[in-house]
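Worksheet: one structure, shown below.
What follows is the structure in structure tokens.
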């Protein structure tokens, strides 16, 4: 079962996704799909339970609806589980570094990801229009939306400045896709951290070779990792996730 709540409190807004199913042991789990603006309490009819400290990720580093493929040199799941639902195919060479495993029963989580993706893609009244190209730019906490794609040019660096806020949240929305070219990276400063960065995409994400991306990805279609691409967050796709060679994913802490 899946329940989604949207509410406003003290000038801020939040979306909470609650789910239960075989992969939760029948217990309710709460995924904080998005929380921005002023802090507030969830609605009184929402059962609060202790959640993983990874926002939309739950316990998953990688989840897809059709299949996950690992090509080339072994890829690494540095922390977290992987799963596919309603599909079942996971192929190729991969290893878990800090626990984690293949979760065979993840239908409830897959349903919650659908709900979280729809919620995260919604137009926000306080959102900022952003250019397609992010490379070389600095962003402060807030919601940024591209009505087409988001690109990061090869070799460029993006800075996320948390402004020393207590809980700086960055939401990047693209109506279509995200493409990071080769050798791109981020600087997180003044309290910014990967746990509070979310990429909501209408279609796909493509991470270029040797690129490093902070935050979790909610993709409307697929997510592809180039050779040695790194994601400090979770990869949640509505179709497949593909690793070219020696990629890595780690849940943020």
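Numbering (the numbering used here), first residue to last: 3 to 255. Glycine included, every Cβ here is placed at the ideal spot set by N, Cα and C.
Write down every uninterrupted run of the beta strand (DSSP E) in the stretch 78-165 whose length is 3 residues or greater and which is fully enclosed by it, in chain order. 83-86, 91-98, 144-148, 152-154, 159-163
Suppose the cutoff is 7 Å on Cβ atoms and the five residues either side in sequence are ignored; what does the same chain contact list for residue 250 look like? 77, 78, 80, 232
DSSP state of residue 196, grouped into three classes? helix
Please state whether the Cβ-Cβ distance between residue 227 and residue 244 is less than 9 Å. yes
What separation, rounded to the nearest whole angstrom, lies between the Cα atoms of residue 248 and residue 92? Each residue's alpha carbon lies about 16 Å from the other.
How should residue 95 be labelled, buried or exposed, when 16 other C-beta atoms within 10 angstroms of its C-beta is the threshold for buried? exposed
What's the C-alpha gap between residue 110 and residue 236? 17 Å
Sort out for me which residues DSSP pairs residue 175 with in a bridge. 147, 202
Decide yes or no for the touch test of the stretch 143-160 against the stretch 111-121: beta carbon pairs closer than 8 Å, at least 3 of them. Between the stretch 143-160 and the stretch 111-121 there are fewer than three inter-stretch CB-CB distances shorter than 8 Å, so the stretches are not counted as touching.
Segment limits, beta strand (DSSP E) that includes residue 243: Element bounds for residue 243: 242-245.
Delimiting residues of the beta strand (DSSP E) encompassing residue 167: That residue, residue 167, is in no beta strand (DSSP E); it is neither H nor E in DSSP.
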